[in-house]
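To start, the structure under review is shown below, and the notes come after it.
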Amino acid sequence: MSFGQSRCRLVARGLWSGFTRGRTDREGRLAAVAEAFHEAGVDPAVPYLETGSPELYSAKPETVAATRPIHMNRRTRAQARKGRRA
Numbered sequence: 001m002s003f004g005q006s007r008c009r010l011v012a013r014g015l016w017s018g019f020t021r022g023r024t025d026r027e028g029r030l031a032a033v034a035e036a037f038h039e040a041g042v043d044p045a046v047p048y049l050e051t052g053s054p055e056l057y058s059a060k061p062e063t064v065a066a067t068r069p070i071h072m073n074r075r076t077r078a079q080a081r082k083g084r085r086a
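Just so you know, we're using full-length UniProt numbering here: the sequence shown kicks off at 1 and counts up by one.
Okay, here's the thing in structure tokens:
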């Protein structure tokens, strides 16, 4: 199982657990997902870290510049191809 699959499984487990216990509001679902992460030994505040791994990453979400996705049409694709050949 991949890293992403394991985290998705925890989210799904938490959502299902919350649903079966009648926790259908946003806060209830979030709490149920956090419980699933805690039960698996994963801190929901840093789900990208494995259990016991140190925090080695210096970039925090608030310091990363926001970018817009690039949508290419035929003309911009052609321009990009020309730029690669040059």
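Think of the CB as a built atom: it goes at the ideal place given N, C-alpha and C, for glycine as much as any other residue.
Owing to the predicted nature of the structure, the values given are computational and were not obtained by experimental measurement.
Should residue i and residue j be called a contact, given that it needs their Cβ atoms to be closer than 9 Å?
i          : j          : result
residue 10 : residue 33 : yes
residue 22 : residue 14 : no
Between which two residues does the alpha helix (DSSP H) holding residue i run?
i          : result
residue 45 : Segment: none, residue 45 is in no alpha helix (DSSP H) and carries neither H nor E.
residue 26 : 26-39
residue 6  : 3-20
Please go through the same chain and pick out, in chain order, the residues whose beta-carbon is closer than 6 Å to the beta-carbon of residue i, but skip the five residues on each side of it.
i          : result
residue 20 : none
residue 73 : none
residue 86 : Because residue 86 sits at a pLDDT of 48, beneath the cut-off of 50, its placement in the model cannot be relied upon, and the following sentence gives the value as read from the coordinates. Result list for residue 86: empty, nothing under 6 Å.
residue 40 : 10
residue 44 : 34, 37
Does residue i get closer than 9 Å to chain B when you measure Cβ to Cβ?
i          : result
residue 35 : No chain B appears in this structure, which consists of one protein chain only.
Excluding the 5 residues preceding and the 5 following residue i in the sequence, name in chain order all residues of the same chain whose CB lies nearer than 7 Å to its CB.
i          : result
residue 56 : none
residue 7  : 47
Ordered along the chain, which non-local residues of its own chain (more than five positions away) have a Cβ less than 8 Å from that of residue i?
i          : result
residue 24 : 18
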